[in-house]
Amino acid sequence: MELNTQRLLLRPWVREDTPALYDLARDPEIGPNCGWNPHKSMEESDEILRKVLMNRYTWAIVLKETGEVIGDISLMPFGTSTYANNQQEKEIGFWLGRPYWGRGYMPEACMALLSWAFDSEQVNCVWCAHRIDNQNSARVQEKCGFRFHHRDEGRYSVQLDRYDDLIVNCWTREEWIKRK
19 MELNTQRLLL RPWVREDTPA LYDLARDPEI GPNCGWNPHK SMEESDEILR
69 KVLMNRYTWA IVLKETGEVI GDISLMPFGT STYANNQQEK EIGFWLGRPY
119 WGRGYMPEAC MALLSWAFDS EQVNCVWCAH RIDNQNSARV QEKCGFRFHH
169 RDEGRYSVQL DRYDDLIVNC WTREEWIKRK
């Protein structure tokens, strides 16, 4: 499934995206904010692409104008989500390559995915979390209309072997309908 916005295409990841994934995900400013380590090699990126990103809930974010992969967005279902409590709840996760920060791409991608989740998939609640010190993610979530739900203190990241405090936000279907 693909989603289109004015400037972006959200499409499934493909193996040919490995070089772009590696180029973006090796940046030490990206992964640790999302709970994973920077990629160390093209082979690692290829393995992550195949084992983690190539699924029906994860999309590459692509600039329509150039065809460049610039980031990733996912809508994790109950069972793979940290915060979804049932089948009608999902959790959105995202990251964007540093060269593309500050251009409004991530709110644009998030709103497209939220629209699909609430309008087409009839989701009742979408969760989204960010590390307390990740102000970029906080701004995206605020721009997209997420509301504070709770603070998750001491959430352990296996990949990073550390504890982080997270802000957990949500958006309900009821709020979505009122906003429209």
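Just so we're aligned, residue 19 is where the sequence shown starts under my numbering, counting upward by one.
Cβ atoms here follow ideal geometry from the backbone N, Cα and C, with glycine treated the same way.
ask   = How would you label residue 107, buried or exposed, when you count the other beta carbons within 10 angstroms and need 16 or more for buried?
value = buried
inquiry  = Checking 7 angstroms against the spacing of the C-beta atoms, do residue 144 and residue 110 come in under that value?
reply    = yes
key: DSSP-derived helix/strand/coil call for residue 161   = helix
Assigned exposure category for residue 166 - 16 Cβ within 10 Å defines buried = exposed
request  = Spell out a yes or no on whether the region 55-63 and the region 96-106 are touching, meaning 3 or more CB-CB pairs, one atom from each, closer than 8 angstroms.
outcome  = no
inquiry  = If the criterion is Cβ atoms closer than 7 angstroms, does the pair residue 85 and residue 115 meet it?
reply    = no
inquiry  = Which of the three DSSP states is assigned to residue 54 in this structure?
reply    = coil
message = Applying the 10 Å Cβ sphere with the 16-neighbour rule, what's the burial state of residue 59?
response = exposed
query = Of all the options 139, 141, 186 and 23, which has the alpha carbon lying nearest to the alpha carbon of residue 160?
reply = 186
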